[in-house]
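UniProt numbering puts the first residue of the sequence shown at 1, with every later residue one more than the last.
For every residue, glycine included, the Cβ atom is placed at its ideal position computed from N, Cα and C.
Keep in mind the model is a prediction, meaning the values are calculated, not measured.
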Amino acid sequence: MRLSQDAAKPVRTARLVLADGTVFEGEGFGASGVAVGEVCFNTAMTGYQEILTDPSYAEQIVTFTFPHIGNVGANDDDAENATDEAAVAARGAVVRAPLTTPSNFRARFDLPGWMKRRGIIGISGVDTRALTAAIREGGMPHGVIAHSPSGHFDMDDLLRRAKGFAGLEGMDLTGRVSGARAYKEAQADWTGEGFTTGNPDGPHVVVIDYGVKRTILRRLVAAGCRVTVVPPKTDFETIMAKNPDGVVLSNGPGDPAATAEYAVPVIQKILEAKVPLFGICLGHQLLALAVGGRTMKMPQGHHGANHPVKDLTTGKVEIVSMNHGFAVDTESLPSRVKATHTSLFDGSNSGLIVEDAPAMSVQHHPEASPGPQDSYPVFSRFVDMMREEKGKAA
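Structure follows, in structure tokens:
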């Protein structure tokens, strides 16, 4: 911590300024500069690197409720953005305790250096419990995170930026976080020494990349699939020309109703063609919109790796990873669509199936990363669906 000229008062090198004028002072780390976004909180105890690189966090500043962040360092393997083109994810990180030297055999970088390379601004020394309580009571505020090594800030300008942020409603962000070209993914799960590869003869899955997490691709490969990833605005004809056995609608950031303008017509054609379809997170919301449902903005969202969800098809309760600020309005779903999962936190919809088409989706993240692996079997369900539909056509 640098001292002021009179050595009487320490100079704090970071600020978090909320649109209502609330200011949190702290120590800056990672990139220098200013970033604007929606401030949310994440309750996961591990996996901060995966969280900060999840493209679904685009235009958001993540408050970590677990106080000790940075103690396992960072590496190249655990980043969740699937391509280098999709490097932009979370805008900033808010933490309680000062960062410590990493202690992990897989660490290649310390967190501040890694965040600086990725352009992510951090602030430590914040009362994250107070900030989290404020978000729970008042919803996710708009805010600005700023890091200046000199400790000099134009506070009026920071407040103007926070108030001027338009928010995520009506915002389509997929173009900022998805790759611009189609590519094939062959890596499967981490074995402890490296990543395995999949079955070259498995069912062919085309993933529409709205901001896909790398672990979703790895879980599909681990489930026996061959995976091709295409950009978010790929048309129906181009997708079908790849002869998919199934299509995955990926996770991603922003307002699903905005993304739906170009995504829903494609999804509706896939449904009509009876190609097996699997939606995850944003993909779940887009599927709901494609069959006539509605989505809505949540006050505080669901962000964490410890969310209880009930699988209505099995009766089991799974602890899952979640990251979404919008939700499907269950009451808006037509009769041909049935809920398959529900959140035990607030009763919000967490999954659905379409009864007259081979289509399923989940709101949570079955690939975890970070989080428990309770929902891994949903990938096998999708593979079974593809095999069943292929058997009908034979």
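A buried status is given to HIS303, since no fewer than 16 other beta-carbon atoms sit within 10 Å of its beta-carbon.
Non-local C-beta neighbours of GLY125 in its own chain, meaning closer than 6 Å and more than five positions away in sequence, comprise GLY26 and GLU27, ordered along the chain. The region 293-310 and the region 321-328 touch, with no fewer than 3 CB-CB distances between them shorter than 8 Å. The three-state secondary structure of SER361, taken from DSSP, is strand. CYS40 is bridged by DSSP to VAL62. Here GLY33 carries a strand assignment [DSSP, helix/strand/coil]. The C-beta separation of VAL378 from VAL362 comes to about 6 Å, placing the pair in contact by the 8 Å criterion. Note: PHE24 is bridge-paired with LEU16 in the DSSP secondary-structure output. Spatial neighbours of ILE353 in its own chain (CB-CB distance under 6 Å, excluding positions within 5 residues in sequence) are listed in chain order as LYS338, THR340 and MET360. MET322 is bridged by DSSP to GLY304. Annotation: GLY347 to GLY293 spans about 17 Å, alpha carbon to alpha carbon.
The alpha carbon of ILE69 has as its nearest neighbour, out of PHE29, VAL34, ASP54 and SER56, the alpha carbon of PHE29. Under the Cβ criterion (8 Å, minimum of three pairs), the region 235-243 does not count as touching the region 160-169. Approximately 23 Å separates the beta-carbon atoms of SER56 and HIS147; this is outside 8 Å, ruling out the contact. ILE270 and VAL264 have their alpha carbons spaced roughly 10 Å apart. For ILE135, the three-state secondary structure derived from DSSP is helix.
Of the other Cβ atoms in all chains shown, 16 or more fall within 10 Å of the Cβ of ASP374; this residue is therefore buried. Where GLU272 is concerned, the enclosing alpha helix (DSSP H) starts and stops at 256-272.
Excluding the 5 residues flanking it on each side, TYR183 has same chain C-beta neighbours closer than 6 Å at VAL229, in chain order. Within the DSSP bridge table, the entry for GLN187 names THR197 as partners. Judged by their CB atoms, GLY198 and VAL221 are nearer to each other than the 7 Å cut-off.
Residue pairing by DSSP places GLY246 opposite VAL205 in a beta bridge. A contact is defined here as three or more CB-CB pairs under 8 Å, and the region 108-118 fails this definition with respect to the region 133-148. Here SER250 is not near VAL291, since their CB atoms are 7 Å or more apart. Fully contained in the region 75-123 are the following beta strand (DSSP E) runs of length 3 or more, in chain order: 92-94.
In this structure, the CA atom of ALA79 is about 31 Å from the CA atom of VAL275. Between THR128 and the set PHE64, GLU137, THR313 and GLN187, the nearest pair of CA atoms involves PHE64.
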